[in-house]
Amino acid sequence: MSEHDDKRPEENGDTRSDQRGGSDGSRNRLRKELPQEVSASVPAAQDTPEAGAEPEPEPEVAPEPEPEPEPQLTGRQRLVKGLWPPRISRAQLIVAVLLFGLGFGLAVQVASNSDSDSALRGARQEDLVRILDELDDRTQRLEDEKQGLETQRDELENSSDQAEEARKQTIEKERQLGILAGTVAAQGPGITMTIEDTKGTVEADMLLDAIQELRAAGAEAIQVNGVRVVAGTYLTDSGKGVSVDGNKINAPYRFKVIGKPQDLEPALNIPGGVVQTLEKEQATVTIERSPKIVVDALRAVKRPDYARSSSQ
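The numbering of the sequence shown is UniProt numbering, which starts it at 1 and goes up by one.
What follows is the structure, given as structure tokens:
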């Protein structure tokens, strides 16, 4: 426990100081070598607003547009949307075409019936009565013709000289057929119709309608301006006139008709008939009844080219 012992603690203290200083130097060297760490929790100086300065407002974010609601459809619009574009199968298309054709045919039929009945709908009561009387007269003529044929049959069956009776009936029949064929002259009660056409508006089909109407009313012989009208007569327009079987005739057109006057005249004067049609064309029609009409225009006998009697 001498001086030697007292010096040991001092040496020990110096030694500790040297050791502490060495360790501090090592730490300093390590700090210089390592990069300076920056705490993530501390924002950068440039990002930190200065004290007392107002913070910059954050940019406003535009709200997303809401989807527009679909417009409310009306009943008609929903129907159109459901029907268009059409989705048609082949079978439906065929059925539709058939139904269209059927409907079109019915419409045409109704229209034609309406046209034919329109004249009668607007007719006066006396005109309708006259038409009914004409129909009754036609029916009576057919009954009389039937009765005459039955009488001829009975005479042939009951006659003692059947050959002579047959010859008489053959001559009578030939005369009747000659009148219809225009090969013999004829006379009897009837009418005369004159058509004045100063405007030149009367056409062949109008005269043909008059001939057809007269035949339907029971005309037995017809002559127009010296030309005999027969079963095969045809009419065509020819310049300012009309051609009858190739014979040109001009106005005034004069019809000489043999038949029952009480049937012939009303047939021409029915509403919408021949007279009214001609008057619409600014033609003047005059009809006169007569107890004796002579039809003397004749047609040459023409032998048929192909038809032959079945008895030959």
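Idealized CB from N, CA, C, for every residue including glycine.
Three-way DSSP call (helix, strand, coil) for residue i in this model
i              : result
glycine 21     : Residue placement at glycine 21 is poorly supported in this model, since its pLDDT is 48, which falls under 50; the coordinates still yield a value, given next. If DSSP states are grouped into helix, strand and coil, glycine 21 belongs with the helices.
lysine 173     : helix
arginine 299   : coil
threonine 139  : helix
isoleucine 131 : helix
isoleucine 88  : coil
arginine 76    : helix
arginine 153   : helix
arginine 308   : coil
arginine 167   : helix
threonine 286  : strand
Whether residue i touches residue j by CB criterion (9 Å)
i              : j             : result
valine 294     : glutamine 187 : yes
valine 230     : alanine 181   : yes
leucine 156    : glutamine 169 : yes
residue 313    : valine 224    : Outside the shown range of the chain (1 to 312) lies residue 313, about which nothing can therefore be said.
tyrosine 253   : leucine 207   : yes
glutamate 134  : alanine 267   : yes
threonine 151  : threonine 284 : no
isoleucine 249 : aspartate 127 : no
arginine 215   : leucine 298   : no
serine 238     : proline 261   : no
Nearest-angstrom Cβ-Cβ length linking residue i and residue j, presumed shorter than 8 Å
i             : j              : result
alanine 163   : aspartate 296  : Contact doesn't hold; Cβ gap of about 34 Å is too wide.
glycine 273   : glutamate 213  : 7 Å
lysine 292    : proline 189    : 7 Å
glutamate 220 : isoleucine 179 : 6 Å
arginine 138  : glycine 218    : 7 Å
alanine 210   : valine 242     : Actually they are not in contact, since the Cβ atoms of alanine 210 and valine 242 sit about 11 Å apart, beyond 8 Å.
Taking contact to mean at least 3 C-beta pairs separated by less than 8 Å, is the region 257-273 in contact with the region 191-198? Output reads yes: the region 191-198 touches the region 257-273.
At what residue ranges does the region 177-216 contain a whole run of the beta strand (DSSP E), taking only runs of 3 or more? 186-196
If you scan the region 209-281 from start to end, which runs of the beta strand (DSSP E) of 3 or more residues do you find wholly inside it? 221-224, 227-229, 235-238, 241-244, 247-249, 253-258
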